[in-house]
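Numbering (this note's numbering), first residue to last: 678 to 1048.
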């Protein structure tokens, strides 16, 4: 099982004088959530809010202690002595903003997806590594108690061999002006799979099908499929047009099946000891056809989960990684794996759903090439 820093131990007995200093860049949809959690954190001293809309920045700054508000990242870097910046701006701006911060020697937390292209992501990760800085993608779901428990159950072998993953993320949502539904919603599911699955997110190829029934110029409904090891399969359904909201992932194993329902706070996780039982020993095609299948009907149980805000754990882990030099569970490499799948999705869409190869196996060599 992959190991990651423990953010709860990181700030135990820390004194206020040891706080790290940070500014939030972007006061729109996600920036206020970051600012609120950073302001409340024992690890951080939030010193400034930055947004091109200065009035919006001032309003957010007033809500977190009346700190200064500025219009540009350059002004943040010139005026304030910060250890890190938290970036909550559109994906198309991530490369330039993150590179500016990294070149100034600042650690960076950046909203999902890591960048608007894999090439930009590679440059960002290479710059962070070359300067010994933390670059962390804000894949917030990977810090929820439910997903942490999912990782534990999957990687401990409690589910057995993974047979399938079926993930649904649909709602009547805002049609984004610059990205399609895959780039908007699928990073959540892909980052969860990268964190939960023992080998991370590493498909050889993906197939994607999208639709734009509203004529917006970008896909509003999408289906993504790819293979997992041992002939298992994963399917991700994303949709901006559904009148009902569903946030669910089913991970089927040879021993048990796990169901995550993020909209059910009373029972977010359910583990089913029921399903199909069959002999998984290697067989010829003829032997497979004659295999007897049986069904098991066992118990269902729901593990107890603590209630805490995931974003508070994100900012705690950022501080922990800066102080210890450990890799974040959603560091640059994780962000790149998600980007690699998203770019393959885009290529598959242009090929009417034909499988598109996922880049990634040559990551180390590519990193050397952009340094």
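In this text, a Cβ means the ideal position worked out from N, Cα and C, and glycines have one as well.
Is the Cβ-Cβ distance between residue i and residue j less than 9 angstroms?
{"i": "residue 761", "j": "residue 842", "result": "no"}
{"i": "residue 871", "j": "residue 1011", "result": "yes"}
{"i": "residue 977", "j": "residue 924", "result": "no"}
{"i": "residue 867", "j": "residue 1000", "result": "no"}
{"i": "residue 946", "j": "residue 805", "result": "no"}
{"i": "residue 711", "j": "residue 988", "result": "yes"}
{"i": "residue 732", "j": "residue 765", "result": "no"}
{"i": "residue 859", "j": "residue 882", "result": "no"}
{"i": "residue 1030", "j": "residue 886", "result": "yes"}
{"i": "residue 771", "j": "residue 792", "result": "yes"}
{"i": "residue 917", "j": "residue 861", "result": "yes"}
{"i": "residue 907", "j": "residue 839", "result": "yes"}
Among residues of its own chain, excluding the 5 on either side of residue i, which ones have a beta-carbon nearer than 8 angstroms to its beta-carbon?
{"i": "residue 1008", "result": "811, 812, 813, 814 and 998"}
{"i": "residue 753", "result": "700, 702, 725, 727, 747, 759 and 762"}
{"i": "residue 717", "result": "989"}
{"i": "residue 934", "result": "836, 927, 928, 948, 949, 951 and 952"}
{"i": "residue 691", "result": "Because residue 691 carries a pLDDT of 40, less than 50, the predicted location of this residue cannot be relied on, and the following value inherits that uncertainty. Taken in chain order, the residues that qualify are 719 and 720."}
{"i": "residue 783", "result": "754, 759, 760, 761, 762 and 810"}
{"i": "residue 1037", "result": "879, 1013, 1014 and 1017"}
So, at 6 angstroms on beta carbons, what are the nonlocal neighbours of residue i in its own chain, with the 5 sequence-adjacent residues on each side left out?
{"i": "residue 778", "result": "762 and 785"}
{"i": "residue 652", "result": "With the chain running from 678 to 1048 in the structure shown, residue 652 is simply not present."}
{"i": "residue 735", "result": "746"}
{"i": "residue 986", "result": "none"}
{"i": "residue 914", "result": "845 and 900"}
{"i": "residue 1028", "result": "none"}
{"i": "residue 857", "result": "895 and 896"}
{"i": "residue 678", "result": "Unreliable placement is indicated for residue 678, whose pLDDT of 47 sits below 50; the coordinate value is still reported in the next sentence. Closer than 6 angstroms at Cβ, skipping near neighbours: 832."}
Which of the three DSSP states, helix, strand or coil, is assigned to residue i?
{"i": "residue 677", "result": "Residue 677 is absent from the structure shown; the chain starts at 678 and stops at 1048."}
{"i": "residue 903", "result": "strand"}
{"i": "residue 728", "result": "coil"}
{"i": "residue 1018", "result": "helix"}
{"i": "residue 744", "result": "coil"}
{"i": "residue 752", "result": "helix"}
{"i": "residue 912", "result": "strand"}
{"i": "residue 696", "result": "coil"}
{"i": "residue 723", "result": "strand"}
{"i": "residue 988", "result": "helix"}
{"i": "residue 1005", "result": "coil"}
{"i": "residue 711", "result": "helix"}
{"i": "residue 860", "result": "helix"}
{"i": "residue 703", "result": "coil"}
{"i": "residue 995", "result": "helix"}
{"i": "residue 1058", "result": "Residue 1058 lies beyond the range of the chain shown here (678 to 1048); nothing can be said about it."}
{"i": "residue 1036", "result": "coil"}
{"i": "residue 690", "result": "Because residue 690 carries a pLDDT of 35, less than 50, the predicted location of this residue cannot be relied on, and no value is offered for it."}
{"i": "residue 1057", "result": "Outside the displayed span of the chain (678 to 1048) sits residue 1057, for which this structure offers no information."}
{"i": "residue 870", "result": "helix"}
{"i": "residue 895", "result": "coil"}
{"i": "residue 876", "result": "coil"}
{"i": "residue 885", "result": "strand"}
{"i": "residue 1011", "result": "helix"}
{"i": "residue 940", "result": "coil"}
{"i": "residue 849", "result": "strand"}
{"i": "residue 844", "result": "strand"}
Which residue wins for smallest C-alpha separation from residue i, given the options the options?
{"i": "residue 930", "options": "909, 890, 939 and 918", "result": "909"}
{"i": "residue 835", "options": "980, 776 and 984", "result": "980"}
{"i": "residue 875", "options": "719, 905, 918 and 736", "result": "905"}
{"i": "residue 994", "options": "720, 706, 858 and 733", "result": "720"}
{"i": "residue 878", "options": "863, 743 and 986", "result": "863"}
{"i": "residue 821", "options": "865, 782, 838 and 839", "result": "865"}
{"i": "residue 768", "options": "922, 1016, 829 and 889", "result": "1016"}
{"i": "residue 850", "options": "1029, 743 and 898", "result": "898"}
{"i": "residue 740", "options": "985, 714, 894 and 755", "result": "714"}
{"i": "residue 698", "options": "706, 749 and 757", "result": "757"}
{"i": "residue 890", "options": "799, 852 and 807", "result": "852"}
{"i": "residue 807", "options": "695, 734 and 776", "result": "776"}
{"i": "residue 647", "options": "921, 901 and 801", "result": "The question about residue 647 has no answer, for the chain in this structure spans 678 to 1048."}
{"i": "residue 943", "options": "914, 982 and 921", "result": "982"}
{"i": "residue 827", "options": "869, 893, 1006 and 781", "result": "869"}
{"i": "residue 854", "options": "893, 833 and 798", "result": "893"}
{"i": "residue 818", "options": "1006, 780, 750 and 695", "result": "1006"}
{"i": "residue 781", "options": "750, 932 and 832", "result": "750"}
Once you ignore the five residues that flank residue i on each side, which residues in its own chain have a CB closer than 7 angstroms to its CB?
{"i": "residue 737", "result": "704, 708, 709, 712 and 726"}
{"i": "residue 744", "result": "723, 724, 725, 726 and 738"}
{"i": "residue 919", "result": "847, 848 and 849"}
{"i": "residue 1035", "result": "880, 881, 882, 883, 1017, 1018 and 1021"}
{"i": "residue 742", "result": "716"}
{"i": "residue 798", "result": "791, 792, 1012, 1013 and 1016"}
{"i": "residue 729", "result": "748"}
Could you tell me whether any Cβ in chain B is nearer than 9 angstroms to the Cβ of residue i?
{"i": "residue 770", "result": "Looking at the structure shown, chain B is missing, and only one protein chain is on hand."}
Are there any heavy atoms of the ligand FAD lying less than 8 angstroms away from the beta-carbon of residue i, as far as the coordinates show?
{"i": "residue 787", "result": "Inclusion of the ligand FAD in the displayed structure is not the case, the ligand content being empty and no account of it being possible."}
| Runs of beta strand (DSSP E) wholly within the stretch 754-840 (minimum 3 residues, chain order) | Every beta strand (DSSP E) stretch that sits fully inside the stretch 754-840 and reaches 3 residues is listed by chain position as 761-764, 784-788 and 812-815.
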